[in-house]
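Asker: Would you mind keeping the following structure in view while I ask a few things?
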Amino acid sequence: VDDMWQKAYDFAVEVARKAGEEIRKAGESEIKVMTKSSSVDLVTKTDERVEKIIIGSLKEEFGEDAHCFIGEESVENGEPCILSDKPTWIIDPVDGTTNFVHGFPFVAVSIAFAVNKELEFGVVYSCLEDKMYKARRGKGAFCNDEKIQVSDVKDIHKSIIISEHGTDRSPEKVTKIFSTMQKILCIPVHGLRGSGTAATNMCLVATGAVEAFFEIGIHCWDIAAGAVIIQEAGGILLDVDGGPFDLMSRRMIVANDKIIARRIIQEIEIFPSLRDDAPIQKH
Ligand SMILES: Nc1ncnc2c1ncn2[C@@H]1O[C@H](CO)[C@@H](O)[C@H]1OP(=O)(O)O
Ligand SMILES: [Mg+2]
1 VDDMWQKAYD FAVEVARKAG EEIRKAGESE IKVMTKSSSV DLVTKTDERV
51 EKIIIGSLKE EFGEDAHCFI GEESVENGEP CILSDKPTWI IDPVDGTTNF
101 VHGFPFVAVS IAFAVNKELE FGVVYSCLED KMYKARRGKG AFCNDEKIQV
151 SDVKDIHKSI IISEHGTDRS PEKVTKIFST MQKILCIPVH GLRGSGTAAT
201 NMCLVATGAV EAFFEIGIHC WDIAAGAVII QEAGGILLDV DGGPFDLMSR
251 RMIVANDKII ARRIIQEIEI FPSLRDDAPI QKH
């Protein structure tokens, strides 16, 4: 019984690899770009096609009805985004769509699996770098089958912090985001970075390349797989107000250690964001 999800975990790794190959191939030909909520919120045919490949493969293997699916493009097309107790796959087919469109080399496939609302495993395939990150609850975190671990830096002055700008360009939000970044930069820290994909950012914390990553505005599919990888690599997840991490809240900080996390939390200017599981709004 303990190993009942091992087959699903192994299968998820293979599906992520296949999806990443599709993305790599698609990146070699012309990419047709469409927009979602605004002119900077991008989506491509590849996002939709790869999500269909992933969910199709999972349904074929595990059945149509036994499992639930939350996928970025399915939710965009009106499917519910509710985490129930049923076995649920949480999928971002192309995390870092803007990077993909521009050829900026961080694009990830993110696949997570939860049972009874608890994340069981997560797979992040950084497909342009060909790095397969994966973790299963209680079994450690790996990159290309090598064990990974968060950094042991506890001094904020020796840290690198990742933050992103998101896709909302309203002046009030942009001002808050930059004000937060300015305050963190002036602590001072060694540097600020951002890969353009939340899933990869989480893996960068998990490998110890950076100490923390925070963002308001991300979605559950951006971070679900990374959440398992972070925890299994010895890191922590919190809400940006220091409270417990909530997958559906659209905000989080991940860090190597609570000392670093708490210091960053002091500087974060929080702005409101609608929960992923809020009742559907038509737009
Ligand atoms: N409204 C939003 N605000 C902030 N980040 C968002 C966002 N929508 C998506 N993201 C995700 O956050 C990271 C960049 O800020 C990306 O992983 C991006 O995922 P995406 O490429 O799948 O859309
Ligand atoms: Mg994403």
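To convert, note that position 258 of the sequence shown is 258 in UniProt numbering; the numbers rise steadily by one, no gaps.
The C-beta atom is built at its ideal place from N, Cα and C for all residues, glycine as well.
(1) For the pair the stretch 17–26 and the stretch 50–62, tell me if three or more CB-CB distances fall below 8 Å.
(2) For G217 and R250, which I take to be in contact (beta-carbon distance under 8 Å), what is that distance rounded to the nearest angstrom?
(3) Hey, how far is the Cα of A114 from the Cα of G235?
(4) Would you report the Cα separation of A212 and N77, rounded to the nearest angstrom?
(5) Between K131, A278, G103, V228, which lies nearest to G138 when the distance is taken from Cα to Cα?
(6) Helix, strand or coil: which one does DSSP assign to C203?
(7) What span of residues does the alpha helix (DSSP H) with C68 cover, start to end?
(8) Thinking C-beta only, is F106 closer than 8 Å to T175?
(9) Quick check on N116: buried or exposed, where buried means 16 or more other Cβ atoms within 10 Å of its Cβ?
(10) Closer than 6 Å by C-beta to S195: which residues in its own chain qualify, once you throw out the five before and the five after it? Chain order, please.
(11) Relative to the C-alpha of E28, which candidate in D155, V101, Q231, L119 has its C-alpha closest?
(12) Alpha carbon to alpha carbon, what distance is there between D168 and T44?
(13) Does the pairing of the stretch 252–263 with the stretch 121–140 give three or more beta-carbon distances under 8 Å?
(14) Hey, is T197 close to ligand 1, as in C-beta under 7 Å from one of its heavy atoms?
(15) So, is Q231 buried or exposed, given that buried needs 16 or more other C-beta atoms within 10 angstroms?
(16) Within its chain, find whatever has a CB closer than 7 Å to the CB of V13; leave out the 5 residues flanking it on each side and keep chain order.
(17) For C203, does the count of other Cβ atoms within 10 angstroms reach 16, so buried, or fall short, so exposed?
(18) Classify D92: buried if its beta carbon has 16 or more other beta carbons within 10 angstroms, exposed otherwise.
(19) What's the gap between the Cα of I184 and the Cα of E267?
(20) What are the partner residues of R193, as DSSP defines its beta bridges?
Answerer: By the coordinates alone:
(1) Yes, they touch.
(2) Right, the Cβ-Cβ distance comes to about 6 Å (below 8 Å), so this counts as a contact.
(3) Between the alpha carbons of A114 and G235 lies a distance of about 19 Å.
(4) So the alpha carbons of these two residues sit roughly 33 Å apart.
(5) When only C-alpha atoms are compared, the closest one is V228.
(6) C203: helix per DSSP, three-state reduction.
(7) For C68, there is no enclosing alpha helix (DSSP H); the enclosing beta strand (DSSP E) has its first and last residue at 68–71.
(8) 8 Å or more divides the Cβ of T175 from the Cβ of F106.
(9) Under the 10 Å beta carbon count, N116 is surrounded by fewer than 16 other beta carbons and is classified as exposed.
(10) Result list for S195: F106, N201, in chain order.
(11) That would be V101, whose Cα lies nearest to the Cα of E28.
(12) Using only the alpha carbons, I get a separation of about 19 Å.
(13) The stretch 252–263 is not in contact with the stretch 121–140.
(14) Yes, ligand 1 has a heavy atom inside 7 Å of this Cβ.
(15) Taking all protein chains in view, the Cβ of Q231 is crowded by 16 or more other Cβ atoms within 10 Å, so the residue is classified as buried.
(16) Hits under 7 Å: V123, M132, K134.
(17) With 16 or more other Cβ atoms within 10 Å, it is buried.
(18) By the 10 Å Cβ count, D92 comes out buried.
(19) Taking C-alpha positions only, I184 is separated from E267 by approximately 7 Å.
(20) R193 is bridged by DSSP to I162.
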